[in-house]
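Asks:
There are 2 protein chains.
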Amino acid sequence: MPPKLRDVAERAGVSVKTVSNVVNGYVHVKDATRDRVQRAIDELGYRPNLTARSLRSGRSGVLALAVPELDVPYFAELARLVVETAADRGYTVVIDQTGGGREQEMVVLKGIRSHFVDGVLFSPLALSAADLRARTDRAPLVLLGERAPRGPDDHVGIDNVRAARDATEHLVAIGCRRIAAIGAQTGGPGATARQRLSGYRASLTEAGLPYDPDLVVPARSFHRADGFAAMAALLALPDPPDGVFCFNDPLALGALRCLATRGIRVPQDVAVVGFDDAEDGRYSTPSLSTIAPDKPTIATTAVDFLLARIDGTAPTGPRRTTAPHTLVPRESTDR
Amino acid sequence: MPPKLRDVAERAGVSVKTVSNVVNGYVHVKDATRDRVQRAIDELGYRPNLTARSLRSGRSGVLALAVPELDVPYFAELARLVVETAADRGYTVVIDQTGGGREQEMVVLKGIRSHFVDGVLFSPLALSAADLRARTDRAPLVLLGERAPRGPDDHVGIDNVRAARDATEHLVAIGCRRIAAIGAQTGGPGATARQRLSGYRASLTEAGLPYDPDLVVPARSFHRADGFAAMAALLALPDPPDGVFCFNDPLALGALRCLATRGIRVPQDVAVVGFDDAEDGRYSTPSLSTIAPDKPTIATTAVDFLLARIDGTAPTGPRRTTAPHTLVPRESTDR
DNA sequence: GCAGTCTATTACATCGTTGTAAATGCGCCC
DNA sequence: GGGCGCATTTACAACGATGTAATAGACTGC
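Protein chains in written order, with full-length UniProt numbering: chain A, 1 to 335; chain B, 1 to 335.
(1) DSSP on Ala64 (chain B), reduced to helix/strand/coil?
(2) May I ask you to list, following chain order, the residues of the stretch 45-76 of chain A that have a beta carbon less than 8 Å from some beta carbon of chain B?
(3) List the endpoints of the continuous alpha helix (DSSP H) containing Phe247 (chain B).
(4) With distances taken between CB atoms, is the gap from Asn160 (chain B) to Gly99 (chain B) smaller than 8 Å?
(5) Would a check of beta-carbon distances place Val93 (chain B) closer than 8 Å to chain A?
(6) Which partner residues does Val156 (chain B) have in the DSSP bridge list?
(7) Helix, strand or coil: how does DSSP classify Pro210 (chain B) here?
(8) Just the Cα atoms here: how many angstroms apart are Lys295 (chain A) and Glu77 (chain A)?
(9) Closest by CA to Cys176 (chain B), which one among B:Ala302, B:Leu109 and B:Thr168?
(10) Flag Val244 (chain B) as yes if its beta-carbon sits less than 8 Å from any beta-carbon of chain A, otherwise no.
(11) Measuring CB to CB, does Arg224 (chain B) end up less than 8 Å from Leu259 (chain B)?
(12) State the Cα-Cα distance for the pair Val117 (chain A) and Ala299 (chain A), rounded to the nearest angstrom.
(13) Assuming Pro318 (chain A) and Asp153 (chain A) form a contact by the criterion Cβ under 8 Å, report the distance between their Cβ atoms to the nearest whole angstrom.
(14) Check distances from the C-beta atoms of the stretch 285-297 of chain B to those of chain A and list, in chain order, the residues that come in under 9 Å.
(15) For the stretch 69-118 of chain A, which segments carrying the beta strand (DSSP E) assignment without a break, of at least 3 residues, lie completely within its bounds, in sequence order?
(16) Tell whether a beta-carbon distance below 8 Å holds between Ser289 (chain B) and Thr333 (chain B).
(17) To the nearest whole angstrom, what separates the beta carbons of Gln104 (chain A) and Val83 (chain B), a pair I think is in contact under 8 Å?
(18) When DSSP builds the beta bridges, which residues end up paired with Gly274 (chain A)?
(19) Output yes or no for whether 8 Å exceeds the beta carbon distance between Ala12 (chain A) and Ala52 (chain A).
(20) Give every residue of the same chain whose Cβ lies closer than 6 Å to the Cβ of Ala180 (chain B), excluding the five residues on either side of it in the sequence, and list them in chain order.
(21) Residues bridged to Ile264 (chain B) by DSSP?
(22) Are the beta-carbon atoms belonging to Asp276 (chain A) and Asp249 (chain A) less than 8 Å from one another?
(23) Which chain A residues are close to Gly254 (chain B), counting only those with a beta carbon under 8 Å from its beta carbon?
(24) Quick check: Val273 (chain B) and Ile95 (chain A), are their CB atoms within less than 8 Å of each other?
(25) Can you list the residues of chain B that Ala260 (chain A) reaches, using a CB-CB cut of under 7 Å?
(26) What three-state label does DSSP hand Ala180 (chain A) in the structure shown?
(27) Suppose the cutoff is 7 Å on Cβ atoms and the five residues either side in sequence are ignored; what does the same chain contact list for Thr33 (chain B) look like?
(28) Can you pull the DSSP bridge partners for Pro218 (chain A)?
(29) So, under 8 Å CB-CB, Glu279 (chain B) and Pro73 (chain B) are touching, yes? Tell me the CB distance rounded to an integer number of Å.
(30) Does the distance from the CB of Val8 (chain B) to the CB of Asn21 (chain B) come in under 8 Å?
(31) My assumption, with CB atoms under 8 Å, is that Leu306 (chain A) sits in contact with Pro140 (chain A). Please give the rounded CB distance.
(32) At the level of alpha carbons, what is the spacing between Pro210 (chain B) and Arg165 (chain B)?
(33) Measure from the alpha carbon of Ala173 (chain A) to the alpha carbon of each residue in A:Gln195, A:Gly157 and A:Leu204, then state which is nearest.
(34) What are the residues in the stretch 11-31 of chain B lying within 9 Å of chain A by C-beta distance?
(35) If we cut at 8 Å on Cβ distances, does Asp280 (chain A) have a partner in chain B?
(36) Does the beta carbon of Phe275 (chain B) come closer than 8 Å to any beta carbon on chain A?
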């Protein structure tokens with residue numbers, strides 16, 4: 001049974017509240033008393049009970065981070081940054097893995113009120129803007145990632161359309177004429193994929209290149225295996241592409257792998273661009289050109305938005321920020 | 001202000017305790033009452049305050065997972081599995097990123113008593129066995145990963161010596177004669193690296209190959225960049241290796257990358273084996289042969305050990321389990 | 001020498017929930 | 001019809017902390 005304030009108080013011969021005052025650095029405590037109490041604290045190894053404190057204060061000092069999958073590098077890196085930033089601000093982070101399904105994401109949305117977390121950073125995949133608007137609960141929530149529904153919530157993302165254009169333009173610039181896109185999400189509510197697709201198309205139009213639906217391959221999920229399969233499908237076309245824009249890095253790495261097994265040279269025969277700038281792509285062979293969202297900015301902005309909501313210092317309307325991104329050219333487009 | 005039991009009670013015209021009984025599925029509640037209360041709950045959107053519940057019960061339903069870095073694939077995958085398993089058992093997981101430093105790891109050790117988590121899964125890098133034994137606090141703790149100090153704590157790991165031997169033997173079997181090791185930790189308390197090194201040496205001895213200290217390269221951390229640098233150092237030797245055993249996959253991928261930039265063929269000129277079976281290695285070019293620890297077993301065993309400690313159903317002595325591992329041969333040793 | 005001010009300390013209520021034990025009411029049996 | 005047992009409901013205390021307001025004492029100034 002761990003010691004509590006009362007145990008310390010008895011040992012130091014003072015009231016419970018005085019101990020509490022010492023613990024919280026209250027000014028009006030005589031030095032002699034403070035020392036005595038402090039000694040008792042040390043001797044007993046007292047540590048405040050955060051649960052009790054939290055019940056009293058209404059704050060838990062815990063944020064939730066809800067992401068689809070922790071082992072997708074982008075989310076792992078984001079999680080790392082969020083946890084670090086939150087720690088800096090004195091907060092702990094619990095991780096919620098939604099799996100990306102609508103049902104589980106709804107649970108997160110509903111679950112917020114289960115006090116215990118002060119606010120939620122949420123990176124949804126499947127939820128529609130309507131789902132988000134339907135939320136009755138106005139608990140502190142910040143949407144994370146590239147998704148930007150016109151909802152009532154704070155949001156931190158990047159300009160997906162612009163980024164996808166940058167990626168595609170880059171392929172055009174190095175001489176690609178038949179440019180494929182891997183990662184479209186047909187039907188699903190995935191705004192991210194839609195935005196990237198629209199940037200891709202805009203870029204084609206701008207370059208005077210035709211839009212060929214055969215070159216747009218959907219991906220069920222965003223893993224290497226999906227990229228591999230999609231690339232294989234593209235290579236089976238009568239007129240295969242000479243450039244591929246993948247909607248994230250694992251897809252691109254899967255595509256690279258597929259090309260390697262077929263003995264197709266990258267970037268000479270096919271150039272590849274990814275998205276997210278996961279660490280893997282920096283050391284793959286060939287190394288992967290990619291769109292690099294400014295992840296540290298995303299993480300810190302999101303955490304600070306959320307803390308401002310929690311503290312009530314945020315403005316009433318939703319805050320939306322677009323974090324910068326850059327194109328990082330590497331070997332997979334180096335020609 | 002979210003509704004509480006009292007609000008529901010007033011609305012339903014019953015006592016607070018009756019509402020509590022309904023919420024907790026207590027049997028002796030008249031159906032009519034139960035319905036009335038349930039309606040009030042639904043209308044008000046009542047959700048129990050987990051903090052209060054936790055204060056009352058002494059349990060928070062939260063486990064902590066302390067790992068060095070979330071964006072090292074092995075830890076990300078482990079985290080994913082742990083979070084999933086814990087969720088299955090009705091627990092939430094908070095992530096603690098220690099950075100792998102002794103100081104921060106000590107904080108985790110001390111911090112356990114800061115109630116709020118019911119137990120800790122801890123994957124230490126820098127802590128010594130002495131540090132762990134010095135823990136006065138007997139809060140539920142399970143050590144995770146490959147480290148196996150003779151401490152008083154539950155532990156789930158794999159047989160590192162055996163696994164390292166398997167890896168090295170595999171290199172011997174495909175004809176390597178000068179086999180290097182990347183990832184030694186000189187001086188540090190890293191038991192993992194020591195064990196893998198000893199397995200490596202044992203295997204050399206067994207194969208009748210000389211042990212050449214020049215072929216053992218330490219790594220400051222276990223990232224791709226370190227593997228790259230180590231490989232570069234090995235290639236600069238007058239008599240470079242024809243096989244490399246890397247103590248984890250990122251090191252191996254960094255090494256592969258280095259070899260690729262030098263135009264050295266893998267596996268023909270140099271064969272490479274990694275450790276951990278991160279998803280990256282399955283799709284790298286060449287794909288990476290590696291030691292695959294049974295991560296799902298590690299995660300579920302660890303969580304179950306911890307929950308048993310928490311419930312008090314665990315035996316008194318420390319429990320130790322060695323999860324199985326397998327060698328997964330891929331292209332990087334396919335010759 | 002006494003009101004007035006300031007410091008240091010304290011008792012008590014409270015955060016929202018649940019365990020304990022007691023109260024209420026009903027049916028049933030002898 | 002009085003008593004017993006059971007189902008149902010309740011009041012109250014407690015989990016460990018902290019805010020509020022009150023108290024006791026020390027000191028100022030007139």
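Backbone N, C-alpha and C fix where the C-beta goes; we use that ideal spot for every residue, glycine too.
Replies: Concretely, from the data shown:
(1) Correct three-state label for Ala64 (chain B): strand.
(2) Residues Gly45, Arg47, Pro48, Asn49, Leu50, Thr51, Ala52, Ser54, Leu55, Ser60, Val62, Glu69, Leu70, Asp71, Pro73 and Ala76.
(3) First-last for Phe247 (chain B): undefined, no H or E at that position.
(4) No; because the gap between Cβ atoms is not below 8 Å, this pair is not in contact.
(5) At least one chain A Cβ lies under 8 Å of Val93 (chain B).
(6) Partner(s): B:Leu144 and B:Thr321.
(7) DSSP places Pro210 (chain B) in coil when its eight states are reduced to three.
(8) When the Cα atoms are used, Lys295 (chain A) and Glu77 (chain A) turn out to be separated by approximately 8 Å.
(9) It is B:Thr168.
(10) Contact of Val244 (chain B) with chain A is not assigned, every C-beta pair being separated by 8 Å or more.
(11) In this structure, Leu259 (chain B) does not lie closer than 8 Å to Arg224 (chain B) by Cβ.
(12) Take the alpha-carbon of Val117 (chain A) and the one of Ala299 (chain A): they are about 18 Å apart.
(13) Taking 8 Å as the upper bound for CB-CB distance, Pro318 (chain A) and Asp153 (chain A) are in contact here, some 6 Å apart.
(14) Here the close residues are Thr285, Pro286 and Ser287.
(15) List check, beta strand (DSSP E) in window: 92-97.
(16) Yes, these two residues count as a Cβ contact at 8 Å.
(17) At roughly 12 Å, the Cβ-Cβ gap does not stay under 8 Å, so Gln104 (chain A) and Val83 (chain B) are not in contact.
(18) For Gly274 (chain A), the beta-bridge partners assigned by DSSP are A:Thr290.
(19) With a cutoff of 8 Å on beta-carbon distance, Ala12 (chain A) and Ala52 (chain A) are scored as not near each other.
(20) The residues are Leu215, Leu234, Pro241 and Val244.
(21) Paired residue(s): none; Ile264 (chain B) is not in a bridge.
(22) Going by C-beta atoms, Asp276 (chain A) is nearer than 8 Å to Asp249 (chain A).
(23) Contact of Gly254 (chain B) with chain A by beta-carbon distance below 8 Å involves Tyr283.
(24) Annotated as distal: Val273 (chain B) and Ile95 (chain A), with beta-carbon spacing of 8 Å or more.
(25) Ordered by position in chain B, the residues that pass the 7 Å Cβ test against Ala260 (chain A) are Thr285.
(26) In the structure shown, the three-state DSSP call for Ala180 (chain A) is strand.
(27) Cβ neighbours of Thr33 (chain B) beyond the five flanking positions: Val14 and Thr18.
(28) In DSSP, Pro218 (chain A) forms a bridge with A:Ala184.
(29) Confirmed, about 7 Å.
(30) No, the pair does not count as a contact, with Cβ atoms beyond the cut-off.
(31) About 6 Å separates the two Cβ atoms, so the contact holds.
(32) Taking the straight line joining both Cα atoms gives about 15 Å.
(33) Of the candidates A:Gln195, A:Gly157 and A:Leu204, the one whose C-alpha sits nearest the C-alpha of Ala173 (chain A) is A:Leu204.
(34) Listed in sequence order: no entries.
(35) Interface residue (Cβ-Cβ distance to chain B less than 8 Å): Asp280 (chain A) is classified as such.
(36) No, Phe275 (chain B) lies away from the interface with chain A (no Cβ there is under 8 Å from its Cβ).
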